[in-house]
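Counting with this note's numbering, you get residues 4 to 264 for the letters of the sequence shown. Read through the structure below, which is laid out as structure tokens, and then see the notes.
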Amino acid sequence: MLCQAICQAAEVAGHLWQKGWAERNGGNLTLNITEYADGDMRSLPALEPPRPIGTELPYLKGCYFYCKGTNRRMRDLARHPMENGAIIRITEDAAHYEIIADAVVLPTSELPAHLSVHNYLIGKGSSYKASLHTHPTELVAMSHHRPFLEKDVLTQLLWSMIPETRAFCPRGLGIVPYMLPGSIELAETTIRTLDEGYDVVLWEKHGVFAIGENITEAFDMVDTLVKSAQIYQDARSMGFEPEGMSGLQMRQLADAFGLPK
Ligand code: 13P
Ligand code: ZN
4 MLCQAICQAA
14 EVAGHLWQKG
24 WAERNGGNLT
34 LNITEYADGD
44 MRSLPALEPP
54 RPIGTELPYL
64 KGCYFYCKGT
74 NRRMRDLARH
84 PMENGAIIRI
94 TEDAAHYEII
104 ADAVVLPTSE
114 LPAHLSVHNY
124 LIGKGSSYKA
134 SLHTHPTELV
144 AMSHHRPFLE
154 KDVLTQLLWS
164 MIPETRAFCP
174 RGLGIVPYML
184 PGSIELAETT
194 IRTLDEGYDV
204 VLWEKHGVFA
214 IGENITEAFD
224 MVDTLVKSAQ
234 IYQDARSMGF
244 EPEGMSGLQM
254 RQLADAFGLP
264 K
């Protein structure tokens, strides 16, 4: 149900704040709630004239989304999701959105990335409904080290820190080079990287972007990756390079649990 999905987003927003990944207004989330759009919701009038998305997203025509508001705090959204987020409807030209509830709260500045990703997900027939962007300190720190930005270097390192990360973030961590926050270029590169088979990508020197069936699933994958990053950094701060699980151990795990890659 719609209330449940939004309550789940509020719960995750609280986790993001508690984890220290959501300084000030840091991070954002969106939910595709079209499946809950009943007659009442569909007949809600726009609260103001349509605004441009900045790109055309044909699969989103007539879709409904819950979005965090721009400049709104996760810690506030956790307590008051409808005062710090909004429900929007994509217009018939698939290039604009209108805010329909509860009040005129402008959606997140990363709306181009979130909506482009939802458009991509619908286009490929995915059942994923949630996208999450957040600023996990350890992962952002690791993105400042050039060798970690080579394809799948961080995936292998983080997978090797603890079996759970290999099991519960089984598609690894894609890398998106630094780009202007909120830009169409960042949105398009995020899609290209997700399309390589990842469910989570690292935005260099900024944060992560994760997708899932629901917002809790997206959060859990980021949480698992961060756990590994913490183990790595704890080992380094104790003065040694962690050994990591061996390639054989990780292959055995993948075989035992039927994991992808
Ligand atoms: P918003 O407050 O616009 O959602 O921006 C936060 C953010 O993390 C931008 O990347
Ligand atoms: Zn951000």
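By construction, the Cβ of each residue, glycine as well, lies at the ideal position given by its N, Cα and C atoms.
Bounding residues of the beta strand (DSSP E) (the contiguous stretch that carries GLU1): Shown here, the chain extends from 4 to 264; a query on residue 1 therefore has no answer.
Which value, in whole angstroms, describes the spacing of the CA atoms of HIS148 and MET248? Taking the first residue of the sequence shown as position 1, residue 148 is located at position 145. Taking the first residue of the sequence shown as position 1, residue 248 is located at position 245. Straight-line Cα distance between these residues: approximately 22 Å.
Take the Cβ of ARG75 as the centre, count every other Cβ of all protein chains shown within 10 Å, and call the residue buried at 16 or more, exposed below. As a first step, residue 75 must be located in the sequence shown, where it is residue number 72. It is buried - the Cβ of ARG75 has at least 16 other Cβ atoms within 10 Å.
May I ask whether a heavy atom of ligand 1 can be found less than 8 Å away from the beta carbon of LYS71? By one-based count along the sequence shown, residue 71 stands at place 68. Checking the Cβ of LYS71 against ligand 1 gives yes.
Taking the beta strand (DSSP E) that ASN31 falls in, what are its first and last residues? Working through the sequence shown from its first residue, we reach residue 31 at position 28. Counting along the chain, the beta strand (DSSP E) containing ASN31 begins and ends at 31-35.
Please list, in chain order, all residues of the same chain as LEU109 whose beta carbon is under 7 Å from its beta carbon, the five residues on each side excluded. Mapped onto the sequence shown, residue 109 falls at position 106. Only GLY72 and THR73 meet the Cβ criterion.
Can you find a heavy atom of ligand 2 that lies under 8 Å from the Cβ of GLY30? As a working note, residue 30 is residue 27 in the sequence shown. Indeed, a heavy atom of ligand 2 lies less than 8 Å from the Cβ.
LEU32: which of ALA213, LEU157 and LEU50 sits nearest, CA to CA? Here residue 32 corresponds to residue number 29 of the sequence shown, with the count starting at 1. For LEU32, the nearest C-alpha among the options comes from ALA213.
Exposed or buried, what is CYS70 when buried is set at 16 or more other beta-carbons lying within 10 Å of its beta-carbon? The residue labelled residue 70 in the question sits at position 67 within the sequence shown. Label assigned to CYS70: buried.
Just reading off the alpha helix (DSSP H) that TRP162 is part of, what are its end residues? Against the sequence shown, residue 162 aligns to sequence position 159. Here the alpha helix (DSSP H) through TRP162 covers 156-162.
Kindly indicate the opening and closing residues of the beta strand (DSSP E) around CYS66. The residue you call residue 66 lines up with position 63 of the sequence shown. First-last for CYS66: undefined, no H or E at that position.
Provide the residue span of the beta strand (DSSP E) that contains LEU19, from first to last. Position 16 of the sequence shown holds residue 19. Looking at the DSSP string, LEU19 is not in any beta strand (DSSP E); the run it does join, the alpha helix (DSSP H), is 5-22.
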